[in-house]
Every structure is written in C-alpha cells, then in structure tokens.
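Novice: Can you keep this structure in mind? I'll have questions shortly.
Protein chains in written order, with the working numbering: chain A, 636 to 914; chain B, 636 to 914.
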C-alpha cells in the first residue's frame with residue numbers, strides 16, 4: 636500500500652458515518668499537517684459514506700480550516716445531504732481531542748461525488764498547460780542552496796516536486812513578485828495519480844505568497860477543488876498562482892494538468908497573507 | 636426597507652441558531668429561486684449566529700445546491716464551527732417541508748465572516764475591470780427583441796442589469812461561443828451594494844452557458860464567493876465568464892467591480908451544462 640493510500644485508510648468509528656484515521660507526522664509542513672492531504676482524507680470518508688450509488692469520486696470538494704491538525708488520531712464525522720442520480724453530496728468534520736478530552740474541530744468540509752466514467756469526456760478550454768522545460772531541467776528541493784527559505788519538512792520526502800527554474804527564484808531568496816510557482820509533481824513512492832491525489836496536489840506546492848516575498852505561514856480560510864477528469868498516469872504539472880491580494884488575504888489559484896495535456900483539476904483558496912516578510 | 640433587505644429578514648426559529656425566512660416568489664428565475672439570493676440569505680443567518688465578535692460580514696461563503704428552493708417558508712439551521720480573533724466560521728442548511736411533512740434540504744453552506752473595516756485596505760491585482768461602454772449605451776431586458784431567449788422572470792423586475800452590447804448576442808439568439816457576459820448591475824429599488832448584495836450579484840446574471848448556445852437550466856453544484864472589499868455606492872460591473880468545460884459541467888467565474896474600480900468580490904461555481912441546445 637502506498638503512503639498516500641495508507642494516509643486515507645479509514646476505520647469505522649463509533650457511529651454510522653464516523654471514521655477514525657491515524658494522521659501521520661510524515662505529512663507535516665509549516666505549522667501542521669498539509670491541508671490538501673486532509674481534504675483528500677475527508678473526501679475519502681465522504682465518498683465512503685455516500686458511495687452506495689457508485690458516486691465515489693470527488694467532483695467538487697470545499698473546506699474551511701478552523702485550527703491546525705496535529706499528528707495522531709482524528710475522527711471524521713460525515714453527514715449525507717443528498718444522494719442523487721448523477722452525483723451525491725455530503726459534509727464532514729475532522730475532529731481531534733485535546734489531552735483534557737476537549738473536542739477540537741479542525742476542518743469542516745462539503746463535497747459532491749460522482750462516477751467520472753459515466754460523465755461525458757469532451758472538454759473545451761481556454762486555459763493552456765504550464766510552459767515547463769523537460770523534467771530533468773527542473774529543480775528539486777535537493778538543489779536548494781544552504782540557507783534557502785525552502786522549509787525542511789517531512790512532507791517533502793513523500794512528494795517528488797520538480798520546480799520550473801524560471802519560477803523558483805523564491806527558493807533562492809529572490810521572489811519574482813509575480814506570485815507564480817510551477818512544477819512537475821508526483822508521489823515519491825510511485826503511486827499514480829487518481830482524483831484523491833488531485834485534491835492533495837492542489838495544495839502540495841508552497842504558498843505562492845513565497846513568490847511575493849512573504850515567507851511566513853499562510854493559513855487557509857477556504858479551499859475548493861473541482862476535479863474535472865481522471866488523471867492519466869505519469870507526472871502532473873501544476874500551475875500555482877495568485878491574481879489578487881486584498882483585505883490582508885490572497886486568492887490562490889491552482890491548475891493541475893496530466894501527462895496527456897488534460898486539465899484534470901482546478902482549485903482556489905483564500906488564504907491569509909503572512910504578516911512578516913520573512914519567517 | 637428594500638426588497639433585498641426584506642428577503643434577508645430572519646425570524647427566530649424554534650431552536651437557538653435556527654431562523655425562519657419567507658422566500659418571495661419575486662426572486663424566481665429559471666426553475667426556482669435564485670441561488671445567489673439564497674446564498675445571501677444563508678450568509679445573513681450565519682452572520683447573525685456568529686456575530687458576537689463583530690464578524691458580521693462575509694469573507695468567504697460556499698454552498699452546495701441539493702434541490703430547487705420553492706417560494707414560501709424556509710428554515711435556516713446554523714451551526715457555529717469556530718469564533719476566532721479576526722474571523723468566525725459556521726455552516727448552515729436551508730430546509731423546507733413538503734406537503735406531507737417531509738423535511739427537504741435545499742442547500743448546505745459554510746462561511747467565514749469578519750469585520751472588513753478592521754482588515755488592511757491595500758490591494759494588488761493583475762485583473763482589470765471589465766471594459767464596458769457607458770451605461771446608457773448598454774442594453775436592458777426591455778431592449779430584448781420578441782422571441783428572445785432571455786427568460787421572463789420575476790427576478791428581472793428586482794434587478795437593473797445593463798448588458799454590454801458586445802457580449803449580449805446570446806440574448807438575440809446569437810451566442811458568441813466565448814462564454815462571456817458582462818454587465819452593469821444594481822438593485823432595482825435603489826438599495827446600494829453591501830457585502831451581502833455582492834453574494835447575490837455573483838449569481839445574478841444569466842449562466843454563461845447561454846453564450847455557449849446552451850439555453851437550458853444549468854443547475855449549480857458548488858458555488859463559492861470571496862468578498863474582498865466593501866463596495867462603494869453606485870453601479871457594480873460584473874464580468875461573468877467560463878474558461879473550462881469538462882465532464883458535462885462548466886466552471887463559471889465571476890468578478891464584481893465597484894464604481895471606484897475596486898474588485899470587491901470574486902466567485903466560482905461548478906454547474907451542470909444544459910444538455911439541450913435550446914430550452
């Protein structure tokens with residue numbers, strides 16, 4: 636079983652629709668567990684709770700982040716909203732318990748699930764895949780110079796990210812100010828992408844605020860991913876960018892393209908702009 | 636009291652955090668009540684439930700649409716997820732009851748609320764306001780020719796929308812195929828915009844699928860609005876567009892700009908592409 640599948644392995648909880656999951660410290664980045672990995676975990680729980688009609692694949696998933704998730708046991712409490720003909724919709728809360736027994740809700744999410752194989756495959760787009768050099772000309776975290784602002788985090792051992800050198804100045808302490816980070820992405824242990832991996836991939840690159848010269852923690856308020864196709868095997872290409880910063884927040888967009896030049900997922904998150912220029 | 640304020644007027648429900656609201660048929664369009672008006676109504680309920688810390692204005696609101704809302708009584712059941720220092724987050728369900736007493740959930744939503752006056756006002760953007768001719772050179776529903784595919788709906792009496800002639804071919808049965816509709820927008824009774832009006836404005840224009848030549852009903856799966864500034868009084872300008880259609884759905888983006896050229900709200904929805912070319 637891959638590390639990613641292991642992370643999404645649920646046990647039945649105490650009540651119908653509740654699940655227990657062990658959150659591994661291996662997915663830690665910045666101040667807590669990666670938000671995309673947790674979104675995928677919650678989506679897996681909603682998929683399981685809703686899946687009776689074959690609606691097991693995420694079509695749209697949204698989450699509001701309430702407090703940092705810690706490694707260890709978590710409960711995902713799901714609730715079915717509607718089971719329809721072509722999609723089913725539910726919600727979920729990811730909950731942990733403090734040492735004193737207090738219930739702490741970490742994330743609240745909703746999602747619609749479908750059977751992508753039963754939807755039309757035709758697509759029309761005005762968007763173009765990120766213009767990246769061949770993967771062997773891109774740079775990985777191992778290429779970062781000493782003293783680089785790239786964080787050293789367990790998550791980076793589980794992902795294989797190759798950054799476009801033309802948008803990697805932020806990793807050398809020279810952010811471009813454009814708010815653009817592009818990269819190839821795959822899971823380090825070789826698991827091929829699927830719709831749940833796409834939920835993670837949309838949040839797997841560093842926040843684009845780093846390319847604006849803000850290296851601090853950028854907590855997510857809201858994050859929505861649309862999965863619009865099953866990904867082909869191979870490298871994913873990710874375009875992560877912001878077009879708008881306002882009210883102390885930034886709107887971060889992400890496109891994920893597969894190895895056959897198909898746009899397979901799009902996401903947007905509203906995140907709080909780090910207050911300090913440097914971490 | 637304006638028609639919009641009247642629509643958002645809540646009475647206390649039977650339980651703490653639950654509200655009763657009368658849904659007027661005046662907000663009907665297509666197959667039901669406008670989804671943006673209902674999002675604003677649910678946001679008002681969440682704002683009221685969460686508002687103890689002055690976090691009364693929507694910052695991000697997301698909704699999943701489950702079944703068409705009918706005119707008449709509805710209940711909005713809210714739940715507080717977190718009351719924080721700079722924002723508070725909750726969720727809500729909009730519920731109606733069938734003639735046989737069966738509970739029917741119409742919409743499930745989440746949202747984060749803040750005090751926009753306490754957030755930084757600086758903004759940087761790569762986006763530009765829609766390029767519209769002066770409002771008196773734009774066209775209203777009253778200019779639509781006989782036999783126009785523009786629907787005749789009560790909602791259109793409550794909004795004053797002036798379409799850019801350059802992106803209004805769809806209203807004459809000549810869709811451009813670009814998936815772009817731009818317009819000036821205000822409430823017909825003169826109420827000035829506020830953050831709740833922005834939630835409505837993001838869903839107040841016809842679906843851009845009409846400009847793709849698909850005039851049928853385009854049910855929304857998921858809809859998220861980010862409010863990034865309080866709007867100045869006067870006309871709003873709306874750019875409503877799609878860049879991607881796949882898996883039988885389309886991703887619809889919306890930008891709302893105020894009279895001072897500030898981007899005040901951005902939204903995205905995933906909607907099902909109408910199957911028939913003509914309604």
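We put the CB at the ideal spot given by N, CA and C, even for glycine.
1. Please identify, using Cβ separations under 7 angstroms, the residues of the segment 739-764 of chain A that lie next to chain B, in order along the chain.
2. Roughly how many angstroms separate the alpha carbons of residue 671 of chain B and residue 784 of chain B, rounded to a whole number?
3. With which residues is residue 886 of chain B paired in a DSSP beta bridge?
4. Taking contact to mean at least 3 C-beta pairs separated by less than 8 angstroms, is the segment 689-696 of chain A in contact with the segment 653-666 of chain A?
5. Since residue 711 of chain B and residue 727 of chain B are thought to touch, with beta carbons under 8 angstroms apart, how far apart are those beta carbons, to the nearest angstrom?
6. DSSP on residue 651 of chain A, reduced to helix/strand/coil?
7. If contacts are defined as beta-carbon pairs under 8 angstroms, then residue 817 of chain B and residue 765 of chain B qualify, I think. What distance do you get, rounded to the angstrom?
8. According to DSSP, simplified to helix, strand and coil, what is residue 726 of chain A?
9. According to DSSP, is residue 830 of chain B helix, strand or coil?
10. Could you check the C-alpha separation between residue 873 of chain B and residue 837 of chain B for me, to the nearest Å?
11. Within the chosen definition, does the segment 800-820 of chain A reach the segment 839-853 of chain A through at least 3 CB pairs nearer than 8 angstroms?
12. In the DSSP assignment, the alpha helix (DSSP H) including residue 793 of chain A goes from what residue to what residue?
13. Apart from the five residues just before and just after residue 644 of chain B, which ones in its own chain have a Cβ nearer than 6 angstroms to its Cβ?
14. Closest Cβ-Cβ distance between residue 914 of chain B and chain A: below 8 angstroms?
15. For residue 708 of chain B and residue 667 of chain B, I'd like the C-alpha separation in whole angstroms.
16. Tell me, please, whether the CB atom of residue 887 of chain A is closer than 8 angstroms to any CB atom in chain B?
17. Within the continuous alpha helix (DSSP H) that includes residue 678 of chain B, where are the two ends?
18. Buried or exposed: where does residue 914 of chain B fall if 16 or more other Cβ atoms within 10 Å of its Cβ makes it buried?
19. What three-state label does DSSP hand residue 769 of chain A in the structure shown?
20. Distance, Cα to Cα, residue 735 of chain A vs residue 748 of chain A?
21. Counting only Cβ pairs nearer than 7 angstroms, list the residues of chain A close to residue 676 of chain B.
22. With H, G and I counted as helix, E and B as strand and the rest as coil, what does DSSP make of residue 717 of chain B?
23. So, is residue 762 of chain A buried or exposed, given that buried needs 16 or more other C-beta atoms within 10 angstroms?
24. Under 7 angstroms Cβ-Cβ, which residues of chain A neighbour residue 883 of chain B?
25. For residue 722 of chain A, which residues in chain B fall below 8 angstroms Cβ to Cβ?
26. Can you say whether residue 639 of chain A is buried or exposed, counting buried as having 16 or more other CB atoms within 10 angstroms of its CB?
27. For residue 680 of chain A and chain B, any beta-carbon pair shorter than 8 angstroms?
28. May I have the straight-line CA-CA distance separating residue 637 of chain A from residue 825 of chain A, to the nearest angstrom?
29. In the DSSP assignment, find the beta strand (DSSP E) that holds residue 758 of chain A and state where it starts and stops.
30. If contact is defined by three or more beta carbon pairs under 8 angstroms, each pair taking one atom from either stretch, is the segment 850-865 of chain B in contact with the segment 713-722 of chain B?
31. Residue 861 of chain A versus chain B: which residues are under 7 angstroms apart at the beta carbon?
32. What are the boundary residues of the beta strand (DSSP E) that residue 740 of chain B is part of?
33. Ends of the beta strand (DSSP E) at residue 867 of chain A?
34. Using a Cβ cut-off of 7 angstroms, pull out every chain B residue sitting near residue 894 of chain A, in sequence order please.
35. Helix or strand or just coil, what does DSSP make of residue 752 of chain A?
36. What are the residues of the segment 689-706 of chain B that lie near chain A, defined by any Cβ-Cβ distance shorter than 8 angstroms?
Specialist: Based on what the coordinates show:
1. Listed by position along the chain: 740, 743, 745, 747, 751, 754, 755, 758, 759, 760, 761, 762.
2. About 21 angstroms.
3. DSSP output for residue 886 of chain B lists B:879, B:905 as bridge partner(s).
4. Judged by Cβ distances under 8 angstroms, the segment 689-696 of chain A makes no contact with the segment 653-666 of chain A, as fewer than three pairs qualify.
5. 5 angstroms between Cβ atoms; contact.
6. For residue 651 of chain A, the secondary structure class from DSSP, reduced to helix, strand or coil, is coil.
7. Their Cβ separation, rounded to whole angstroms, is 5 angstroms, which keeps residue 817 of chain B and residue 765 of chain B in contact under 8 angstroms.
8. In this structure, residue 726 of chain A counts as strand in the three-state DSSP scheme.
9. The three-state secondary structure of residue 830 of chain B, taken from DSSP, is helix.
10. Going from the Cα of residue 873 of chain B to the Cα of residue 837 of chain B covers about 8 angstroms.
11. Result yes; three or more Cβ-Cβ pairs closer than 8 angstroms.
12. For residue 793 of chain A, the uninterrupted alpha helix (DSSP H) run begins and ends at 790-793, by DSSP.
13. Contacts found: none.
14. In this prediction, residue 914 of chain B has a pLDDT of 43, which is less than 50 and means its spatial position is unreliable; what the coordinates show is noted afterwards. By this cut-off, residue 914 of chain B is not an interface position.
15. As the crow flies, the alpha-carbon of residue 708 of chain B is around 14 angstroms from that of residue 667 of chain B.
16. So no, residue 887 of chain A is outside the interface.
17. From DSSP, the alpha helix (DSSP H) with residue 678 of chain B extends over 670-685.
18. With a pLDDT of 43 at residue 914 of chain B, under the threshold of 50, the predicted position of this residue should be treated as unreliable, and no value is reported.
19. Of the three classes helix, strand and coil, the one that applies to residue 769 of chain A here is coil, per DSSP.
20. Rounded to whole angstroms, residue 735 of chain A and residue 748 of chain A show a C-alpha spacing of 36 angstroms.
21. What residue 676 of chain B touches in chain A: nothing, since even the nearest Cβ is about 18 angstroms away.
22. Judged by DSSP in its simplified three-state form, residue 717 of chain B adopts strand.
23. Exposed, by the Cβ-count rule.
24. Under the 7 angstroms cutoff, chain A gives 754, 755.
25. Around residue 722 of chain A, the beta-carbon contacts reaching into chain B at under 8 angstroms are 856.
26. Label assigned to residue 639 of chain A: buried.
27. So no, residue 680 of chain A is outside the interface.
28. Their Cα atoms are separated by approximately 8 angstroms.
29. Element bounds for residue 758 of chain A: 758-760.
30. Between the segment 713-722 of chain B and the segment 850-865 of chain B, the count of C-beta pairs closer than 8 angstroms stays below three; the two stretches do not touch.
31. From the beta-carbon of residue 861 of chain A, the residues of chain B found nearer than 7 angstroms are 886, 905.
32. Here the beta strand (DSSP E) through residue 740 of chain B covers 738-749.
33. It is not in any beta strand (DSSP E) - residue 867 of chain A carries neither H nor E in the DSSP assignment.
34. By Cβ distance, chain B contributes nothing, its closest Cβ being about 17 angstroms from residue 894 of chain A, past 7 angstroms.
35. Looking at residue 752 of chain A - three-state DSSP - the assignment turns out to be helix.
36. Look at the segment 689-706 of chain B: the residues with a C-beta under 8 angstroms from a C-beta of chain A are 694, 695, 697, 699, 701, 702.
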